[in-house]
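Here the structure is laid out as structure tokens; the discussion comes afterwards.
Number of protein chains: 2
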Amino acid sequence: MIRGINKKHKVGCLMPSKRINPADWLTALDESGFRVTTVQETLIDIFARSEYPLSAEQAWEIARQSRPKTGRATVYRMVDKLENLGLIRRVHGYQGCSHFVPTLPELMMLFICLSCGRADYLDSQPLEDLIQHSEHTSGHHITDSRLQLFGDCADCQENA
Amino acid sequence: MIRGINKKHKVGCLMPSKRINPADWLTALDESGFRVTTVQETLIDIFARSEYPLSAEQAWEIARQSRPKTGRATVYRMVDKLENLGLIRRVHGYQGCSHFVPTLPELMMLFICLSCGRADYLDSQPLEDLIQHSEHTSGHHITDSRLQLFGDCADCQENA
DNA sequence: GCCTTATTGAGACATGGTATCAATAAGGAT
DNA sequence: ATCCTTATTGATACCATGTCTCAATAAGGC
């Protein structure tokens, strides 16, 4: 379960919802040859608006509030599709590995606050440097990476 | 530096089994107040010797070869215990998130070869630097991290 | 060797995710 | 706008992975 999901916070200042446009996601689906349906709109909206990483199960629960007939399998299929299209990405961590956050256009490092549960996106230049360095010293060819940082976000430190 | 990459060998040069001593693991269990049992010895041996990340299910399968009556739940419990004691760590990645590798005493970065599946341990200084840098620029307090690198290992590149 | 109790094994159970298939609804063609 | 084709959906059965229960076993202190 997501920690802090029921806590009341001043503002969601970590999740970059402003930077995500659901309409762009629909365009992406359309351009990939998929039909644009109402379930998709519903789910895209849910993921794009959420302040917290969401699991498929949680997304289903939320979806049924506005669209009661939504099927469970459909949500799982949709989450899969969104992940494959790179629109959302899996959070590997303390809450298990089945929660997702929207992807930002640029490659970014994920930070998860262990106190309020929210995600933040950090500039990934340091990661790119690290990769290049490790490639050099190890001799391995690095084609992909997965980094997550955990701790107390600036807000939570302040309110502690 | 570990690596232990010996370019003359085609197999088994990545996992640092030499550096892991099953006896130490038993000592760790003992010192944590747990009883030392034969299942534990069996499983510790399996994890310490494996060249590849193993899931609980895989470890169970292997365990039954030498100890047919081994119970499934026992293996899951044991894997849990080993993870909690920090003796093995979870690999988050392409094979799902339920495989484990032995932990090395020092904090190290994991590299997984997408071609042969083996794990390698890289020096983690770059990661520590990255964390410090990100802490500074983000204002978050970072208490834990999770990094994994994927690609083609030196061996596989050579043999391609 | 005895006694206490942590650990085990077997199997029932829970959870998270997938496969099947008839019904529905996108969206191009008319 | 209406029809037609077929991707998508919803319901449900299913599977895989992991957990719980509880009687039987075996560590290890005495």
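Residue numbers (our numbering), protein chains in the order written: chain G, 1 to 160; chain V, 161 to 320. Even for Gly, the Cβ is constructed at its ideal location relative to N, Cα and C.
The alpha carbon of G:Trp60 has as its nearest neighbour, out of G:Phe150, G:Asp144, G:Asp123 and G:Val79, the alpha carbon of G:Val79. With a threshold of 8 Å between beta carbons, G:Ala154 makes contact with chain V. Interface annotation for the region 177-196 of chain V against chain G: empty, criterion Cβ-Cβ distance under 8 Å.
In the structure shown, V:Ser284 falls within a coil segment according to DSSP collapsed to helix, strand and coil. When DSSP states are grouped into helix, strand and coil, V:Val251 belongs to the strand group.
At a beta-carbon threshold of 8 Å, the residues of chain V lying near G:Ile131 are Leu309, ordered along the chain. Only those residues of the region 230-261 of chain V whose C-beta falls short of 7 Å from the nearest C-beta of chain G are listed: His252, Gly253 and Cys257.
With respect to G:Arg77, G:Thr70 sits apart: the two C-beta atoms are not nearer than 8 Å. A contact between stretches requires three or more CB pairs, one per stretch, nearer than 8 Å, and the region 289-296 of chain V meets this requirement with the region 111-130 of chain G.
A distance below 6 Å between beta-carbons, with the five flanking residues on each side excluded, links V:Ile222 to the following residues of its chain, in chain order: Ile206. By the Cβ neighbour-count rule, V:Pro182 is buried, with 16 or more other Cβ atoms within 10 Å of its own. Taking 9 Å as the cut-off between beta carbons, the residues of the region 277-306 of chain V near chain G are Asp280, Leu282, Asp283, Pro286, Leu287, Asp289, Leu290, Ile291, His293, Ser294, Glu295, Thr297, Ser298, Gly299, His300, His301, Ile302, Thr303, Asp304, Ser305 and Arg306, in sequence order.
Contact with chain V is absent for G:Gln58, since none of that chain's Cβ atoms lies less than 8 Å from the residue's Cβ. For G:Ser66, there is no enclosing beta strand (DSSP E); the enclosing alpha helix (DSSP H) has its first and last residue at Ala56 to Ser66. As computed with DSSP, G:Phe150 is found in a beta bridge with G:Ile112 and V:Asp304. Using a CB distance cut-off of 8 Å, V:Met269 counts as an interface residue toward chain G. Taking 8 Å as the cut-off, the Cβ atoms of V:Arg306 and G:His92 count as close.
The beta-carbon of G:Gln157 is placed less than 8 Å from the nearest beta-carbon of chain V.
When the beta-carbon positions are compared, G:Asp144 and V:Gly311 come within less than 8 Å of each other.
For the pair V:Ser284 and V:Leu267, the CB atoms are nearer than the 8 Å cut-off. Judged by DSSP in its simplified three-state form, V:Val235 adopts helix.
Within the DSSP bridge table, the entry for V:Ala279 names V:Ile272 as partners. For the pair V:Ile302 and G:Leu149, the CB atoms are nearer than the 8 Å cut-off.
Here G:Pro53 is not bridged, per DSSP, to any residue. G:His99 has its alpha-carbon roughly 9 Å from the corresponding atom of G:Glu57. For V:Ala183, the enclosing alpha helix (DSSP H) starts and ends at Pro182 to Glu191.
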